[in-house]
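Enquirer: In our numbering, the protein residues as written are 71 to 691. Glycine included, every Cβ here is placed at the ideal spot set by N, Cα and C. One structure, as structure tokens, below. Some questions next.
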């Protein structure tokens, strides 16, 4: 079916339809353009997402990616970058193959359509002119015929009138003949123009308009075909990247399947293994054998404590000085196992019972060293463990990493040695490069002055020497750690035996006891060198290096208290302070104002708010 024959009279409607077709094409171009923008935005968001979760350089996150699960996640992030790249490819291909091409085609289509409709309008104008000529000729012929009829009627009237002269009749006859001739001429002209118009009209409706409409039809069909091809291209652009996207997804699945839970568990062991050995069995302590104590003649307890049973070694000494201890106290609590004491020692801060305990002697050191030997049978490791815990709490970071457990210390030292070796190799490569450049300058002086490189060469050599000394230092520490780790248990036992053999009486001299006194004084008795001397000491169950106890809550002073006795602290009504030891049943609570001010106040003078998650301080044996 042809538009030229079927739609010969629908010129205006065809003009509207073809314009609508161009609008549809432009709408599709706009759709594809927005799709490309969405693809670019999506790719950008995917890249930003992958970048956001990438591990930061020189951070703790970078160490976490040693685990297979984290490696798989990192592979997923990398694949997401490739995945985003494919969406960028989609955008680029759609832009170049569809948007740009269709935009160019639309411009050509508009020009072609404009040309066809210009020719159609021109043909319309020509046929309209011919029609106007025909109408004009027809009206003229009609007018001339009417004039000829009137002239004939006038001649006949004059000829019948007997009163009219012969000259007037002749004049009327001649006038009628002239009008008659003019009518004949108009008739001939009208006939000619009519034939011409009919010919032009036939050409217009059967040749010119069909040809123009056929071209418009072909143009419209090409537009339809082109938009269909663009839609196919739209799908093909997506289909082309599907295999690559599939590979990205396959790589993500492969990374997920590479996760090894056993390997990750082993890495956890390597990361946190301390190298310490578990505590040994606790030796039986025989409390049936009382410890001999020599009481001083001038001791207050000697005058009023006759007949009082002697304290056994290892018995629990009184935790506080008078006036904090009442006369009628509840029975002593059952002694905790030494393993519990050691666990508390490893997990909590040492306890300071009073400010006088800051004064320590050699007996305190001996007692605690013997305590650690009795606890796990390995005094050297015990003190290393204590140093490790204390250094963590203090935030110290020694250069040789002695604050770390043996295994972790070995890893850190090995890592430091490797880093130094890399730096040394880098400096050596730089030195070699400078040396080669100097040789080139020596052979070709025009390229540069060899002496200008001497300063740089000296500087690099000094750096290498410094790095080597540093590496040797860390290698020595590493060798020390690696040499100690394998035979650690036997060495500790030998050291423990030597300590027992060389200091048999030192430990026995470390037992102390404090007794309450009604007048606020106290006595400390100690046996020394088998004689009857009694020396008062301030030993009070603390480690060599003490730290303030952690706060286990807060309190608010209800009344003003003037702390005048030793170990007490003054508070003002309404003051808020930290609680570091709650009331043990003796009516006193230990509080702290700041790092330098702490002591006891009556429990009834304060309102205590304990932190349930805090671990309360405990008294060590």
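Going residue by residue through the segment 209 to 283, where are the continuous alpha helix (DSSP H) segments of at least 4 residues, counting only ones entirely within it?
Expert: 236 to 273
Enquirer: Smallest Cα separation from residue 723: which of 156, 93, 276 and 219?
Expert: Since the first residue shown for the chain is 71 and the last is 691, residue 723 is missing from the structure and cannot be characterised.
Enquirer: Near residue 537, what residues of its chain come up, given a Cβ to Cβ distance below 7 Å and the 5 sequence neighbours on each side ignored?
Expert: As a working mapping, residue 537 is identified with position 467 in the chain shown. Same-chain partners within the cutoff: 490, 493, 494 and 497.
Enquirer: Where do the ends of the alpha helix (DSSP H) carrying residue 91 lie?
Expert: The count along the chain shown starts at 1 and reaches residue 91 at position 21. Residues 81 to 122.
Enquirer: Please report how far the alpha carbon of residue 292 lies from the alpha carbon of residue 84, in whole angstroms.
Expert: Working through the chain shown from its first residue, we reach residue 292 at position 222. Working through the chain shown from its first residue, we reach residue 84 at position 14. C-alpha separation (whole angstroms): 15 Å.
Enquirer: Have a look at residue 321 and residue 106 and give me their C-alpha separation to the nearest angstrom.
Expert: By 1-based counting over the chain shown, the position of residue 321 is 251. By 1-based counting over the chain shown, the position of residue 106 is 36. For residue 321 and residue 106, the distance between alpha carbons rounds to 26 Å.
Enquirer: Exposed or buried, what is residue 172 when buried is set at 16 or more other beta-carbons lying within 10 Å of its beta-carbon?
Expert: Taking the chain shown and counting its residues from 1, the one referred to as residue 172 is at position 102. Residue 172 comes out buried.
Enquirer: Check the DSSP bridge columns for residue 631 and list the partner residues they point to.
Expert: As a working mapping, residue 631 is identified with position 561 in the chain shown. Residue 631 is bridged by DSSP to 641.
Enquirer: Check this for me: beta carbons of residue 343 and residue 477, under 9 Å apart or not?
Expert: Taking the chain shown and counting its residues from 1, one reaches residue 343 at position 273. Taking the chain shown and counting its residues from 1, one reaches residue 477 at position 407. Going by C-beta atoms, residue 343 is nearer than 9 Å to residue 477.
Enquirer: Which residue marks the beginning of the alpha helix (DSSP H) containing residue 78, and which one marks its end?
Expert: Mapped onto the chain shown, residue 78 falls at position 8. Where residue 78 is concerned, there is no enclosing alpha helix (DSSP H), given that its DSSP letter is neither H nor E.
Enquirer: Alpha carbon to alpha carbon, how far is residue 218 from residue 225?
Expert: As a working mapping, residue 218 is identified with position 148 in the chain shown. As a working mapping, residue 225 is identified with position 155 in the chain shown. Cα to Cα, the separation comes out at about 11 Å.
Enquirer: Alpha carbon to alpha carbon, what distance is there between residue 306 and residue 175?
Expert: Residue mapping note: residue 175 aligns to position 105 of the chain shown, counting from 1. Residue mapping note: residue 306 aligns to position 236 of the chain shown, counting from 1. When rounded, the distance between both Cα atoms is 20 Å.
Enquirer: Let me confirm a value: residue 679 is counted as buried when at least 16 other C-beta atoms fall within 10 Å, else exposed. Which label applies?
Expert: Counting from 1 along the chain shown, the entry for residue 679 is found at position 609. Exposed is the call here.
Enquirer: Comparing alpha-carbon positions, which option in 629, 654 and 665 lies nearest residue 619?
Expert: Indexing the chain shown from 1 puts residue 619 at position 549. Measuring from the Cα of residue 619, the nearest candidate turns out to be 665.
Enquirer: Less than 9 Å separating the beta-carbons of residue 301 and residue 179?
Expert: Against the chain shown, residue 301 aligns to sequence position 231. Against the chain shown, residue 179 aligns to sequence position 109. No, they are not a contact pair.
Enquirer: Taking the alpha-carbon positions, what's the residue 128 to residue 524 distance?
Expert: To locate residue 128, count along the chain shown from 1; it is residue 58. To locate residue 524, count along the chain shown from 1; it is residue 454. Residue 128 and residue 524 have their C-alpha atoms spaced approximately 35 Å apart.
Enquirer: Does the contact criterion of 3 or more C-beta pairs under 8 Å hold for the segment 223 to 241 versus the segment 251 to 265?
Expert: no
Enquirer: Between the alpha carbons of residue 77 and residue 283, how many angstroms are there, rounded?
Expert: Counting from one through the chain shown, the residue named residue 77 turns up at place 7. Counting from one through the chain shown, the residue named residue 283 turns up at place 213. Rounded to the nearest angstrom, the two C-alpha atoms are 8 Å apart.
Enquirer: Taking the DSSP output, what are the residues bridged to residue 661?
Expert: Stepping through the chain shown from its first residue, residue 661 is reached at position 591. Residue 661 is bridged to 649 and 669.
Enquirer: Contact defined as beta carbons within less than 8 Å: I believe residue 621 pairs with residue 650. What is the distance between those atoms, to the nearest angstrom?
Expert: Numbered from its first residue, the chain shown carries residue 621 at position 551. Numbered from its first residue, the chain shown carries residue 650 at position 580. Confirmed, about 6 Å.
Enquirer: Which of the three DSSP states, helix, strand or coil, is assigned to residue 626?
Expert: By one-based count along the chain shown, residue 626 stands at place 556. Three-state DSSP puts residue 626 in a strand.
Enquirer: So, do the segment 142 to 151 and the segment 186 to 204 have three or more beta carbon pairs nearer to each other than 8 Å?
Expert: No: fewer than three Cβ pairs fall under 8 Å.
Enquirer: Nearest to residue 280 by alpha carbon, out of 648, 80 and 510?
Expert: Sequence index remark: in the chain shown, residue 280 carries index 210 (1-based). Nearest in C-alpha terms to residue 280, of all of 648, 80 and 510, is 80.
Enquirer: Report back the beta-carbon spacing between residue 259 and residue 207 to the nearest angstrom; my notes put them in contact at under 8 Å.
Expert: As a first step, residue 259 is located in the chain shown; it is residue number 189 there, counting from the start. As a first step, residue 207 is located in the chain shown; it is residue number 137 there, counting from the start. Confirmed, about 5 Å.
Enquirer: DSSP has residue 679 in a bridge; who is on the other side?
Expert: Along the chain shown, read from residue 1 onward, the residue named residue 679 stands at position 609. Residue 679 pairs with 624.
Enquirer: Could you give the DSSP three-state label for residue 192: helix, strand or coil?
Expert: If you number the chain shown from 1, residue 192 lands on position 122. In this structure, residue 192 counts as helix in the three-state DSSP scheme.
Enquirer: If you drop the 5 nearest sequence neighbours on each side, which residues of the same chain put their C-beta closer than 6 Å to that of residue 486?
Expert: The sequence position of residue 486 within the chain shown is 416, counting from 1. So the list reads 544, once near-sequence residues are dropped.
Enquirer: Would the beta-carbon of residue 675 fall within 9 Å of that of residue 639?
Expert: Against the chain shown, residue 675 aligns to sequence position 605. Against the chain shown, residue 639 aligns to sequence position 569. Cβ distance not < 9 Å, so residue 675 and residue 639 don't count as in contact.
Enquirer: As a quick exercise: from 203, 202 and 303, pick the residue whose alpha carbon is nearest that of residue 166.
Expert: Taking the chain shown and counting its residues from 1, the one referred to as residue 166 is at position 96. Among 203, 202 and 303, the Cα nearest to that of residue 166 is on 303.
Enquirer: I'd like the list of long-range same chain contacts for residue 643, defined as Cβ closer than 6 Å, with 5 residues on each side in sequence excluded.
Expert: Taking the chain shown and counting its residues from 1, one reaches residue 643 at position 573. Contacts found: 627, 629 and 630.
Enquirer: Around the Cβ of residue 244, are there at least 16 other Cβ atoms within 10 angstroms (buried) or fewer (exposed)?
Expert: For the purposes of this step, residue 244 is taken as the residue at position 174 of the chain shown. Exposed is the call here.
Enquirer: Note the first and the last residue of the continuous alpha helix (DSSP H) segment covering residue 512.
Expert: For this step, residue 512 is matched to residue 442 along the chain shown. Here the alpha helix (DSSP H) through residue 512 covers 476 to 513.
Enquirer: Please go through the same chain and pick out, in chain order, the residues whose beta-carbon is closer than 7 Å to the beta-carbon of residue 242, but skip the five residues on each side of it.
Expert: Within the chain shown, the letter at position 172 stands for residue 242. Excluding sequence neighbours, residue 242 sits near 224, 225 and 228.
Enquirer: In terms of residues, what are the limits of the alpha helix (DSSP H) holding residue 161?
Expert: By one-based count along the chain shown, residue 161 stands at place 91. Per DSSP, residue 161 belongs to the alpha helix (DSSP H) from 138 to 164.
Enquirer: If you compare alpha carbons, which of 197, 257 and 334 is closest to residue 275?
Expert: Against the chain shown, residue 275 aligns to sequence position 205. The residue from 197, 257 and 334 with its alpha-carbon nearest to that of residue 275 is 197.
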